[in-house]
Amino acid sequence: MIRFFKKKQVPKFWQEHLDKVQNSQKYANFENIRFVAIDTETTGFDYENDRILCIGAVAIKNNKILVSDSFEIYLKQEVFNKETVKIHGIRKNGNEAKLSEEEAIIKFIEYLDDAVIVAHHTAFDVNMINQALKRLKVGPLESKQLDTNYIHKKIAKTDTYKKIFSLDELCEIYNVQMHDRHTALGDALITAYLFLKQTSKYKKSNVLNLFDLINTNYHLIK
Amino acid sequence: MKNTISERIFDFLKNYPPLNLIPNATLLEISQNVEIQYFEKDQIIFSQNDHPHEHFYIINQGSVRLYRFIENEKHVLDICDEGDLFGLRPLIMNENYLMGSSANEETILYGIPISLFHDIILNYPKVSQFLIASFATNTREPFSEKHKGKLFANVAAIQKIEHGFSEIQSANYNKNPITCSPDTTIQTACLIMTKKFINSIIVTENEIPIGIITDKDIRTKIGTGLYTIINKVSDIMTSPVVTFPQNITVAEAQIMILKHKVSHLCITKDGSNKTELVGILTQQDLILTQGNSPSLLTKEIKNAKDAETLKYIRAKASDLTRGYFEQEIPIYFVTKVISEINTAITKKAIRMSISEIGKQPPVSFSWLALGSQGRKEQLLMTDQDNALVFENVNPAEYNSVKNYFLELAEKVTEKLNIVGFDYCPANIMATNPKWCISFDEWKQQFKEWITDPIPEKILLSIIFFDFELIYGDETLYNKMADSVFETIEKNQIFLGFLGKVTLDNPPPLGFFKQFLVEQDGENKDSFDIKSRAIRPLVDAARILSLHYKLRANNTIARYEKLMEIEPQNSELFESCANAFKILLQFRTSQGLANNDNGKFVDINSLNKADRLKLKSCFKPIKNVQEAIKMRFRTSQIPQV
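Those protein sequences? They're chains A and B, same order as listed.
Add 374 to a position in the first sequence, counting from 1, and you land on the number used in our numbering.
Add 163 to a position in the second sequence, counting from 1, and you land on the number used in our numbering.
Following this line, the structure appears as structure tokens:
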């Protein structure tokens, strides 16, 4: 109801996002799909009060990580949590060029295009982004989403239902070198590596099909 | 804008040649456009005959096999690992891959866009040189020889670099041009040209070139009757002349000559035709500089007046070696050229010494080169190893004859020492009264070595049996060779002893796990490539060639002859020849890099590809040693 009422006032970037995702022709053929591995660094884990500090993303297409199609953006900090600085190393007045939340989110949505989001614990990153979108009076993200944690659980022969795997654990299992851990783009790249290795494994016993992969995420809505 | 990934890729790329030769800003741009790919073990990256990819690859993690199918049989050509480049073919030419590649283990590749690299090839010649070299090693033995010509064909950019050595060399030209004034009669000018043996004369006014007369002008303008010989040169001269400044390179000279369709260029002070003439460059000069540097050097050797000049020429020959290496000229050719130059220098030193003594040799003699010089395998400066044989003489004359040759040897070795060939520390030189003897004495000597093969004598026969005629009487030299073969034929067990010694140098096959390095001394932790890899191949070739009475000293030539004699073993001998070429190349490039004789290789300075390359040479060593063990029954020979 509310959505329908607001439709005419939807900002351009958001309308484009909705159109692109809904009209995309690429999802049927796996080789054509643009996946975007994302990671966010935040001031904390509270969706309401914490804020995004940095978004990193890199595209994957036809089993290749495209460095030229990557994204790294830092946000001006309204909320500051000195505890998490220890993890991500982003200071309030650091040297990185910073954008306002609105500018950053719009740029990110434009970058995203019709891509399928891949992340580790995707729900968290997507929720943080949805919260930011909400403050812009739009959202939530329409993009299709995958989670390296759930893909692993689908492939793994043992302890599938046992627990949630951390990014570090998956790196160990899939033999991915950890560089730039806890920088948004660094973690996005690690996630991209995981995704390449996972799909390569998955392919051996299954046909690679986006919708089957999405079905591995029974925790995610889309 | 900050980008953590491309910074990380940049940090990786900058460690590896030739990318480390690219300026940071350009390399960062490349890093931003890398495609990262993951391959599982045994997954194919590209197949032989696949269409070229838009990227070439550098291995970030893991390793990659390069292979080629020949008559349905798969040959693994190389295994590349971290930091190695492959898939370079599309960069060089737009043709399908000649080799296939697959992941040797789990592998991550960085794909570098070829489109970005075209400019780099043009702008950074060192990068292209490296790529060509690496391209050549990837298609290495036994296929590279076959493909070498094809690889660089029809790629202008690469060819330019390939020939770069002579092209950027400054052109040699005559700095004392012959001139005449415009008023000179044609007859006078022709008389000057005839007297000076030149095919052109420059017409100058106040030293400024205004025209030129060549043989062609005489033919087309005088011979046809258009002008007579009493006309002035200004009537028939070609004017204005084509001019160029003094620092002209071969390439520039070539272009000028082609562009203006002339055969002569006037070199002037500032390069215009308004300043004084300083030289003349002819098409002939260009031909000499380009195709024939070695023959130019041999010519210079002939004209040399003293040992110092010879030294200077030998230094130029070293530059030539370096240039050949940069151009990846086959090693066999390079050794030939350098041996010819060394031989020419020795000949010249002998001629100079004879004229210094002021007395012709009393009887005929031969100057012999021994060891690596005798085998014509010398690329770098090494010690002198030489000997002298003279015709048998009456006992009454013996002493005076021998003294003449000892004096000659003294003078020759002294000159060679000035040139840069150090005196032999073991005193194996013609100055040693033991090695400056008559033919009968040599015959006796050989017999002694062959019939009583104690270790010291075997060592001497190894050095002496590679003797080669450098100067003097050929019949004497042939008689020497025959006496060796005859004596060995009667004493076949000698070859067994020789084989035994050879086998004392087993190939260092435990290369990676247990690199057989020197234990102590100055060369601690170095690999003695000469004793451990080159010498066993040389020794094996010598034994077999003595067995078959081959008139060949050069190791490659020996193996090639053996391939003909024993077609059933041609594969073994070919692999030995190839290994020998690789090792010799290795030793020489090490020697050039470190400015020494290249005997020791610092294993820490080798990258993995080089190690693999070295390792590939050890298998033929082992095989040929096995063959010798069997054939000459070395196990029945008592320990020597």
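A virtual CB, placed ideally from N, CA and C, is assigned to each residue, including glycine.
Bear in mind that the values here come from a model prediction, so they are computed numbers and not experimental data.
Problem - Contact between the stretch 533-546 of chain B and the stretch 573-580 of chain B (3+ Cβ pairs under 8 Å) - result: no
Exercise for the section: Would you verify that the beta carbon of A/Ser579 is, or is not, closer than 8 Å to some beta carbon of chain B? Expected result: no
Practice task
Check whether the stretch 652-669 of chain B touches the stretch 695-709 of chain B, counting contact only when three or more Cβ pairs, one atom from each stretch, lie closer than 8 Å.
Solution key: yes
Handout entry: Same chain only: Cβ atoms within 8 Å of B/Ile476, ignoring 5 sequence neighbours per side
Key = Leu460, Glu463, Ile464, Ala467, Ile504, Ile508
Practice task
Over the uninterrupted alpha helix (DSSP H) stretch that includes A/Arg408, give me the two end residues.
Solution key: Here A/Arg408 belongs to no alpha helix (DSSP H); instead the beta strand (DSSP E) covers 408-416.
Problem - Proximity to B/Asp346 [Cα-Cα], best of B/Lys358, B/Lys359, B/Glu368 - result: B/Glu368
Problem - Euclidean distance between Cα positions of A/Ile491 and A/Glu484 - result: 13 Å
Problem - Partners in chain A for B/Ile172, counting only beta-carbon separations shorter than 9 Å - result: Val441
Problem - Near-chain B residues of the stretch 551-565 of chain A - C-beta to any C-beta below 9 Å - result: Gln551, His553, Asp554, Thr557, Ala558, Leu559, Gly560, Ala562, Leu563
Handout entry: 6 Å Cβ shell around A/Leu559 - same chain, five flanking residues per side excluded
Key = Gly430, Glu446
Practice task
Determine whether the Cβ of B/Glu245 lies closer than 8 Å to any Cβ atom of chain A.
Solution key: no
Handout entry: Candidates B/Gly374, B/Asn717, B/Tyr220, B/Gln206: closest to B/Pro276 by CA position
Key = B/Tyr220
Problem - Residues in the stretch 190-212 of chain B having any Cβ partner in chain A nearer than 9 Å - result: Ser194, Gln195, Asn196, Val197, Glu198, Ile199, Gln200, Tyr201, Phe202, Glu203, Gln206
Problem - Opposing strand residues paired with B/Gln200 [DSSP bridges] - result: A/Lys438, B/Leu272
Exercise for the section: Could you name the residues of the same chain whose beta carbon sits closer than 7 Å to that of B/Val564, not counting the 5 residues immediately before and after it, in chain order? Expected result: Pro525, Val526, Phe553, Val556
Exercise for the section: In the DSSP assignment, find the unbroken alpha helix (DSSP H) run with A/Glu543 in it and report its ends. Expected result: 541-548
Problem - CB of B/Phe627 within 8 Å of CB of B/Ala720, strictly - result: no
Problem - Three-pair Cβ contact test at 8 Å for the stretch 390-408 of chain A versus the stretch 519-533 of chain A - result: no
Handout entry: Cβ-based neighbour list, B/Lys432, same chain, cut-off 7 Å, excluding 5 preceding and 5 following
Key = Thr438, Glu439, Val441
Exercise for the section: Please confirm if B/Thr270 has its CB atom under 8 Å from at least one CB of chain A. Expected result: no
Handout entry: Top-ranked residue by Cα proximity to B/Glu637, from B/Lys776, B/Val405, B/Phe528
Key = B/Phe528
Exercise for the section: Taking A/Lys571 as the reference, give the member of A/Glu457, A/Asn591, A/Asn549, A/Arg555 with the closest Cα. Expected result: A/Asn549
Problem - Neighbourhood of B/Asp548 by C-beta distance below 8 Å, restricted to the same chain and skipping five residues each side - result: Ala532, Leu533, Gly534, Ser535, Gln536, Gly537, Cys587, Ile591, Met592, Ile626
Handout entry: Cβ-based neighbour list, A/Asp586, same chain, cut-off 7 Å, excluding 5 preceding and 5 following
Key = Asn580
Practice task
Report yes if the C-beta distance between B/Ile185 and B/Ile283 is below 8 Å; otherwise report no.
Solution key: yes
Handout entry: 7 Å Cβ cut-off: residues of chain B touching A/Leu570
Key = Tyr201
Practice task
Decide if B/Glu631 is buried, meaning its Cβ has at least 16 other Cβ atoms within 10 Å, or exposed.
Solution key: buried
Exercise for the section: Could you tell me the distance, in whole angstroms, from the CA atom of B/Tyr634 to the CA atom of B/Leu569? Expected result: 16 Å
Exercise for the section: Would you list the one or two residues that DSSP bridges to A/Ala433? Expected result: A/Val410, A/Leu440
Handout entry: Buried or exposed by the 16-neighbour rule on C-beta atoms within 10 Å, applied to B/Lys653
Key = exposed
Practice task
Name the two residues that bound the continuous alpha helix (DSSP H) containing B/Phe609.
Solution key: 602-614
Handout entry: Expected contact under 8 Å - CB spacing of B/Phe609 and B/Thr650 to nearest Å
Key = 6 Å
Practice task
Give every residue of the same chain whose Cβ lies closer than 6 Å to the Cβ of B/Ala742, excluding the five residues on either side of it in the sequence, and list them in chain order.
Solution key: Cys780, Pro783
Exercise for the section: Report yes or no: is there a C-beta of chain A within less than 8 Å of the C-beta of B/Thr401? Expected result: no
Practice task
Round the Cβ separation of B/Val404 and B/Cys429 to the nearest angstrom and send it over; I've been treating them as touching at under 8 Å.
Solution key: 5 Å
Handout entry: chain B contacts from the stretch 401-430 of chain A (Cβ-Cβ distance under 8 Å)
Key = Gly430
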